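Residue numbers (the numbering used here): 18 to 225. Working notes, structure below.
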Amino acid sequence: MTTTPNPAPLSSTLGITMTSSKLLEDFKYLRGHCIDLVHAYFTYTRLFNDKNRDLLTKVAPTFFSDIADIMLRDWLLQVCKLMDPPSTTRKGVTIENITIKLINEQLTDNKLLSLEIEDLANKLLIYGEKIKPARDKRLAHFDRDHQVNGLVLGATTESELDQFLVNLQKYCDEVGIAIGLGPLDFGRGGCKGDVLDFLKYLRKMQNA
18 MTTTPNPAPL SSTLGITMTS SKLLEDFKYL RGHCIDLVHA YFTYTRLFND KNRDLLTKVA
78 PTFFSDIADI MLRDWLLQVC KLMDPPSTTR KGVTIENITI KLINEQLTDN KLLSLEIEDL
138 ANKLLIYGEK IKPARDKRLA HFDRDHQVNG LVLGATTESE LDQFLVNLQK YCDEVGIAIG
198 LGPLDFGRGG CKGDVLDFLK YLRKMQNA
């Protein structure tokens, strides 16, 4: 009697590693957050730059100064969320945080954490360590010592910021490929009714 060997799983035949549904779901949330971050960055830089300085000053300087501060504070807070530990324990209850470290832990469990992903994650976390003092001492908590001493917290160079955005895209693409979702270009935003349309309207009203 001839026995038929068990066929190899389709996943191994195609060279694809089966990925847990939790990792897929968590990564989709994290990538969506990263996309929002990038779009917020472009909204901010398109609105607040030297080209628009005179226009915004003539229209409503105090209002736009307030908006700039609000957007900057929120952007720092949202970036720092990515850098948090994978879980937090509160009153004996452990709560998971959707962060780079949580995704990497799950990638490790699924044997999908490549050296490139690990390197990109480390670069993102290093950037995060530079801006976290602003979140920890000024934004999320009203640390008295740092209010009194007036030291600048969380400052980075323009090149460091640019590289952070590049690494964020690369990290999400590499993870997306590793878990079978594929890469996804974050784009530069831009749609009907966005900040560019707002600026066009301001210029039109100024010249009316």
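Backbone N, C-alpha and C define an ideal beta-carbon position, used for all residues, glycine too. Predicted model only: the values in this text are computed from it and were never measured.
Excluding sequence positions up to five before and after Leu-119, its CB lies within less than 7 Å of the CB of Asp-43, Pro-103, Glu-113, all in the same chain and listed in chain order. Collapsing the DSSP output to three states places Ser-82 in a helix. Residues Asn-184, Lys-187, Tyr-188, Glu-191 of the same chain have their beta carbon placed closer than 8 Å to that of Leu-137, with the five preceding and five following residues left out of the count.
Straight through space, the alpha carbons of Ile-115 and Tyr-46 are spaced by roughly 8 Å. Comparing C-alpha distances from Ser-82 to each of Tyr-58, Leu-64, Lys-108, Leu-94 shows the shortest one belongs to Leu-64. Remark: fewer than three beta-carbon pairs, one from each stretch, lie closer than 8 Å, so the stretch 67-85 and the stretch 120-132 are not flagged as touching. Straight through space, the alpha carbons of Gln-164 and Lys-217 are spaced by roughly 39 Å. According to the DSSP assignment, Ser-38 belongs to no beta strand (DSSP E) but to the alpha helix (DSSP H) extending over 38-64. Apart from sequence neighbours up to five positions away, the residues of its chain that approach Lys-140 with a beta-carbon distance below 7 Å are Asn-184, ordered along the chain. Leaving aside the five residues that flank Leu-72 on each side, the residues in its chain whose CB is nearer than 7 Å to its CB run, in chain order, Leu-219, Arg-220, Gln-223. The Cβ neighbour count for Lys-149, taken over all protein chains shown within 10 Å, is at least 16; the residue is labelled buried.
Ranked by Cα distance from His-50, the options Thr-62, Leu-99, Thr-74 are led by Leu-99.
Ranked by how close their Cα comes to the Cα of Thr-173, the residues Asp-160, Leu-213, Phe-159, Ile-143 have Ile-143 in first place. DSSP places Ile-112 in no alpha helix (DSSP H) but in the uninterrupted beta strand (DSSP E) bounded by 110-113. A Cβ-Cβ separation of about 12 Å leaves Arg-152 out of contact with Leu-89 under the 8 Å criterion.
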